[in-house]
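What follows is a short report on a single structure.
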Ligand code: RNT
Ligand code: ZN
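Numbering (the numbering used here), first residue to last: 54 to 477.
See the structure below:
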């Protein structure tokens with residue numbers, strides 16, 4: 054053990070010198086990384102199932118494929134799994150709940166327009182015990198009143214009102230979480246509303262959505278407790294021709310109404326990069342919420358890997374000095390592999406991408422660019438790719454007492470044997 058620690062420390066010292074030669078302070082990068090929190094999305098733990106017991110199918114254009122054994126069936130199991138993930142991540146993170154994950158009394162149906170902070174008391178107590186913050190989301194899918202594919206923009210005012218009330222209650226629950234945990238809860242509104250085939254009226258649903266959002270956000274809440282975010286999308290499965298809450302809709306809405314804008318990296322055309330949008334929207338909104346995901350063809354929610362898209366998101370956050378205005382979250386769901394491993398990989402990869410970006414000599418890139426030396430800019434960017442980034446990451450994990458390199462996998466396999474495989 055001691056010999057292994059020594060090796061990691063030696064590798065780090067060599068790396069530190071190599072970075073220092075380029076003007077990069079690895080200690081400063083590691084300190085910054087340690088302050089960043091990623092909001093772990095509850096729904097990777099149970100395939101967006103939730104705990105409402107009504108047995109509704111998911112719907113809303115969301116699809117989870119795979120039937121890997123061991124998924125969490127109760128809030129206790131989900132919390133246990135999340136704690137396992139947290140134990141494998143350097144730093145202190147957050148947990149992101151959907152309204153459908155409340156703890157509802159057995160035998161009594163609590164509909165979505167009846168939920169209250171008390172149904173999340175168990176989650177709040179758990180988060181308090183761990184010293185972490187919570188984030189929240191109205192659940193506008195997987196419900197009979199969402200079966201038509203319309204919620205907040207539904208033509209029937211009674212249905213619309215049901216979802217407005219749900220979202221209003223969610224903001225109150227978010228505020229209760231933020232108040233109890235002393236860190237603002239970001240409550241993110243995403244709705245599935247859209248049409249499979251060509252709509253005759255694109256305007257009407259959007260007018261109704263804008264009015265519904267106004268009603269939802271009417272009551273001011275203390276931003277120390279709750280922050281409102283809105284999330285757009287290009288299309289969903291079964292809503293290929295028309296998405297009421299498209300990006301332009303929510304960008305305009307967020308700017309006009311001073312809301313947070315959520316950018317989900319799986320929600321764009323495959324040739325479009327979410328990273329490039331950050332420096333544009335940050336000129337006009339105060340804060341953003343990121344749903345870091347990985348789109349693959351028509352699916353927007355594959356496990357996040359350390360690819361160019363993820364690196365460019367992290368680079369934009371670092372180079373633009375946006376980290377203090379960005380809430381970092383994940384959004385993917387894969388039921389075909391061990392769910393705890395999926396969560397861990399996505400979260401560790403996002404942290405690795407952030408560290409990679411923090412370790413780049415980007416100030417030098419920017420100076421070269423201003424001087425018009427694009428040759429040197431490209432050359433340096435290419436050289437930086439093979440700097441000993443891994444040694445710095447390993448050392449960070451060592452310092453934070455979490456598994457180094459691929460050691461986390463052995464921990465997850467052990468957890469699978471001892472815990473997950475016993476859930477039948
Ligand atoms: C759907 C949105 C949304 C959901 C979660 C479950 O396309 O990305 O954020 O994934 O609310
Ligand atoms: Zn999302």
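Positions of the beta carbon are idealized from the N, C-alpha and C atoms, including for glycine.
With a threshold of 16 other beta carbon atoms within 10 Å, residue 477 falls short and is exposed. Residue 363 and residue 403 do touch by the CB rule: their CB atoms are close to 7 Å apart, below 8 Å. Residue 391 and residue 425 have their C-alpha atoms some 49 Å from each other. Under the three-state reduction of DSSP output, residue 238 falls in the strand class. Residue 317 and residue 80 have their C-alpha atoms roughly 31 Å apart. Boundaries of the beta strand (DSSP E) harbouring residue 148: 147 to 151, taken from the DSSP string. Under DSSP, residue 279 forms a beta bridge with 238. Residue 470 and residue 137 have their C-alpha atoms roughly 13 Å apart. As DSSP reads the structure, residue 355 sits in a beta bridge with 347.
Pairwise C-beta distances place the region 292 to 302 out of contact with the region 119 to 126, as fewer than three of them are shorter than 8 Å. Residue 148 is classed as buried because its beta carbon has at least 16 other beta carbons within 10 Å across all chains shown. Setting aside the 5 residues that flank it on each side, residue 288 is surrounded in the same chain by 296, each with a C-beta closer than 6 Å to its C-beta; the list follows chain order. Cα atoms of residue 201 and residue 445: separation of roughly 51 Å, rounded to the nearest angstrom. In this chain, the beta strand (DSSP E) harbouring residue 315 covers 313 to 317. The DSSP-derived three-state label of residue 289 is strand.
Every alpha helix (DSSP H) of 4 residues or more that sits fully in the region 114 to 183 is shown, in chain order, as 128 to 139 and 174 to 183. When only Cα atoms are considered, residue 418 and residue 211 end up about 56 Å apart. DSSP assignment within the region 391 to 456 yields the following whole alpha helix (DSSP H) runs of 4 residues or more, N-terminal first: 392 to 411, 415 to 423, 427 to 437 and 442 to 452. Residue 435 is classed as exposed because its beta carbon has fewer than 16 other beta carbons within 10 Å across all chains shown. Here the alpha carbons of residue 187 and residue 237 stand approximately 8 Å from one another. A direct Cα-Cα distance of roughly 11 Å separates residue 281 from residue 225. When C-beta atoms of the region 228 to 242 are compared with those of the region 181 to 199, three or more pairs fall below 8 Å, so the two segments count as touching. Contact check between the region 79 to 99 and the region 380 to 390: three or more CB pairs, one atom from each, fall below 8 Å, which counts as touching. Assigned with DSSP and collapsed to three states, residue 61 falls in helix. Put simply, the backbone Cα of residue 373 is about 15 Å away from that of residue 422. In the DSSP secondary-structure assignment, residue 363 is not bridged to any residue.
In this model, residue 333 and residue 245 are separated by some 25 Å (Cα to Cα).
Taking the Cβ of residue 164 as the reference point, every heavy atom of ligand 1 lies at 7 Å or farther away. Look at residue 284: its beta carbon is less than 7 Å from one of the heavy atoms in ligand 2. In this model, residue 99 and residue 394 are separated by some 13 Å (Cα to Cα).
For residue 352, the shortest separation between its Cβ and any heavy atom of ligand 2 does not lie below 7 Å.
For the 8 Å CB-CB criterion, residue 380 and residue 408 do not form a contact.
Between residue 219 and residue 261, the alpha-carbon positions lie close to 16 Å from each other. Taking every protein chain shown into account, the CB of residue 368 has 16 or more other CB atoms within 10 angstroms, so this residue is buried. Note on residue 270: 16 or more other CB atoms within 10 angstroms of its CB, so buried under the neighbour-count rule. Counting only runs of 4 or more residues that sit fully inside the region 65 to 111, the alpha helix (DSSP H) segments are 79 to 88, in chain order.
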